[in-house]
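See below for the structure under consideration.
Here it is in structure tokens:
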């Protein structure tokens, strides 16, 4: 029997087990050229043991998926668009998700879509005690992004010079300062130093779509060093940080009240 969900942590291998994930893809909202980047990202927090994609593959604009399904072991679920205004693919995805949820075989779900129609599905899965990771475009409505434990923007994981998706000027490192300050104020500290991993967890808890890559940094420690408002103690394990009061324009950093 697999270890209980509460006893396991993501991105880690406990007692030889890796988190088993059900990956459900909304073909209407994802380009097939991003498949490789998406599955590489998923591999950083679990095993994509079920890989399904939903759509009307008789539609010419979905034909690009046909050539790569076998390469990524994705099982297609054909849903003909028989009724105008009703998305049978979305309905099929939700039904399958609930069946998989109640099978008790999975540790979490990955919903690949930019469609807010899956907001309630994400919430329902999390009510059952499983984590939900969302992957979609920046245009994804806040409701769906916030319903996930973590939401990853496709624009942060693809490298495609022809797509134009990375050509737009994104937020700079300093734009992350309010988010980081909010995270620090929610964490207990005895000496003004904060474990970097705990800071990262709090950032995602506060804002599921937080990602250092959105601010031009490959990881959180690099983002903090770019900002120069924080000291990063690289000699400690785990890494820890503390704010520079002078650079933050305040005499001392306000600790969280008990």
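In the working numbering, the protein residues as written are 990 to 1247.
For every residue, glycine included, the Cβ atom is placed at its ideal position computed from N, Cα and C.
Among the options, the one whose alpha carbon lies nearest that of residue i
i            : options                : result
residue 1034 : 1172, 1050, 1012, 1168 : 1012
residue 1186 : 1168, 1199, 1227       : 1227
residue 1022 : 1220, 1209, 1061       : 1061
residue 1049 : 1059, 1069, 1036, 1219 : 1069
residue 1020 : 1103, 1113, 1167       : 1103
residue 1223 : 1200, 1201, 1182       : 1182
Alpha carbon of residue i to alpha carbon of residue j, nearest angstrom
i            : j            : result
residue 1067 : residue 1189 : 39 Å
residue 1098 : residue 1057 : 22 Å
residue 1320 : residue 1119 : With the chain covering 990 to 1247 only, the question about residue 1320 has no answer from this structure.
residue 1077 : residue 1229 : 49 Å
residue 979  : residue 1207 : The question about residue 979 has no answer here: the residues shown for the chain are numbered 990 through 1247.
residue 1217 : residue 1203 : 18 Å
residue 1191 : residue 1085 : 32 Å
residue 1117 : residue 1028 : 25 Å
residue 1100 : residue 1211 : 28 Å
residue 1031 : residue 1137 : 14 Å
residue 1225 : residue 1184 : 9 Å
Exposure label - residue i; buried when at least 16 CB within 10 Å
i            : result
residue 1123 : buried
residue 1064 : exposed
residue 1163 : exposed
residue 1052 : exposed
residue 1172 : buried
residue 1054 : buried
residue 1175 : exposed
Close-in-space but distant-in-sequence residues of the same chain around residue i (CB under 8 Å, 5 per side omitted)
i            : result
residue 1095 : 1009, 1010, 1011, 1038, 1039, 1089, 1119
residue 1140 : 1122, 1123, 1124, 1125, 1129, 1133, 1134, 1197, 1198
residue 1026 : 1143, 1146, 1147, 1148
Interface flag, residue i vs chain D, CB-CB below 8 Å
i            : result
residue 1068 : Among the chains in the structure shown there is no chain D, since it carries only a single protein chain.
Close Cβ partners of residue i (< 6 Å) along its chain, the five nearest in sequence each way excluded
i            : result
residue 1082 : 1013, 1043
residue 1219 : 1213, 1230, 1232
residue 1106 : 1079
Same chain, Cβ closer than 7 Å to residue i, neighbours up to 5 away in sequence not counted
i            : result
residue 1194 : none
residue 1248 : For the chain, the structure presents residues 990 to 1247; residue 1248 sits outside this window and is missing.
Backbone secondary structure at residue i - three-state DSSP
i            : result
residue 1131 : helix
residue 1193 : helix
residue 1058 : coil
residue 1217 : coil
residue 1181 : coil
Proximity test, residue i beta-carbon vs the ligand FAD heavy atom, cut-off 7 Å
i            : result
residue 1077 : Although the ligand FAD was asked about, the structure shown includes no ligands whatsoever.
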